[in-house]
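Below is one structure, written out as structure tokens; the observations come after it.
Chains as they are written, first to last, in the working numbering: chain A, 1 to 137; chain B, 1001 to 1253.
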């Protein structure tokens, strides 16, 4: 049933966010620490094909894949609700601080990538990937 | 006319589905016509979304872009943190746990480095603009981490509201720049594998920026970048008002 997939996804996010809030409280921070990350790991473990105890039916998987495919539309909506005016009106200091932070961080990526074993580039994207579930096997 | 507006406003989330569908359709059409599909449709859609958000801000004077326009309020719901996080988690479905583990250490290290780096860069810019109070410098530095770390730090340290507003501005610039700039620089910084995606998420940290930037670069990288980015704001709220502020204060004295 599709709803099982949606419910499993919702369950993972709720557990993750509650966990992230608890970690935040435990270390005395007024923020959620890694809630979405915890949720993602939980989903990967629970929905993994190698998980012997939980075998998701293909239809159940569709309940998750649908939301994965809705990711880009949701990100477009997210872009459309950003306070772009506020960013531009922040003045030269805000602009420069933001730009410099991004430039420095971009520059550090290739350097950090050398640490540990090298990683293989992903194979080229097939056409129309984002109308398909993202990286679903 | 009134009844149309009323219906669109009442069903605002549904209107948002239609609206976003149209934006994406136009973007893919533009991508085909202007660049023969080379410049990815999703990247155009995100830029178009940001432009519309700017217009929305001009028209309404609000802070939520297009979502401040009554009949498009649903865009705020669909693009809000709830659906964004739900969809981000969904992208992890089918992702490889081994990949997460393999790059977990360097990914987590990049979170700490990323917070410190953005903070230092932001703080230096603040100093260059003539700020001398360690509280102001730290708040602006924290804002260069993310637009949540800035106000959290500023409030904890007792910064003025003008400085807190500046820190939010810096964070917004960062998040928007990451959305727009990532596909353009991806080739040059080796952002084509799961490991560099985890490092990217950890260094950038802005969830919206990482979500948008990777979506426009290669959607398969999203879960890896998002995983580390999600620890960044918490790490920033932990480090900025404490260790990093103390370092600034000792340097300023």
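Note that CB positions come from ideal geometry on N, CA and C, so glycine has one too.
Within the same chain, and ignoring the five residues on either side of residue 1016 of chain B in sequence, the residues whose Cβ sits closer than 6 angstroms to its Cβ are 1074, 1075 and 1078.
Note that the C-beta distance between residue 1138 of chain B and residue 1175 of chain B is not below 7 angstroms. In this structure, residue 15 of chain A keeps its C-beta atom at 7 angstroms or more from the C-beta atom of residue 35 of chain A. Residue-level contact by beta carbon fails for residue 1 of chain A and chain B, as no gap is shorter than 7 angstroms. In its chain, beyond the 5 residues on either side, 1221, 1222 and 1225 have a beta carbon closer than 6 angstroms to the beta carbon of residue 1214 of chain B. Pairing residue 1117 of chain B with residue 1124 of chain B, the inter-Cα distance amounts to about 11 angstroms. Within the region 1150 to 1212 of chain B, the runs of alpha helix (DSSP H) that reach at least 4 residues and sit entirely inside it are, in chain order, 1161 to 1185 and 1194 to 1204. Close CB contacts of residue 9 of chain A within its chain, under the 8 angstroms cut and outside five residues either way in sequence, are with 43, 63, 64 and 67 (chain order).
Contact annotation: residue 78 of chain A and residue 1084 of chain B have beta-carbon atoms nearer than 7 angstroms. In its chain, beyond the 5 residues on either side, 1213 and 1217 have a beta carbon closer than 6 angstroms to the beta carbon of residue 1182 of chain B.
When the five nearest sequence neighbours on each side are left out, the beta carbons in the same chain lying within less than 6 angstroms of the beta carbon of residue 1152 of chain B are those of 1237, in order along the chain. At a cut-off of 7 angstroms between beta carbons, residue 1085 of chain B contacts chain A. Excluding five sequence positions before and after residue 1023 of chain B, the CB atoms of its chain that fall closer than 8 angstroms to its own CB belong to 1045, 1048, 1049 and 1052, given in chain order. With respect to the 7 angstroms criterion, residue 1112 of chain B and residue 116 of chain A are not classified as neighbours on the basis of their beta carbons. At a cut-off of 7 angstroms between C-beta atoms, residue 24 of chain A counts as an interface residue with respect to chain B.
For the 7 angstroms CB-CB criterion, residue 1195 of chain B and residue 119 of chain A form a contact. Below the 7 angstroms Cβ cutoff, chain A contributes no neighbours of residue 1134 of chain B, its closest Cβ being approximately 16 angstroms away. The C-alpha of residue 1250 of chain B is placed about 41 angstroms away from the C-alpha of residue 13 of chain A. Our two residues, residue 1177 of chain B and residue 1009 of chain B, have alpha carbons roughly 31 angstroms apart in a direct line.
Contact of residue 1152 of chain B with chain A by beta-carbon distance below 7 angstroms involves 30 and 31. Between the beta-carbon of residue 1135 of chain B and that of residue 1158 of chain B there is about 6 angstroms, and that keeps the pair under the 8 angstroms contact cut.
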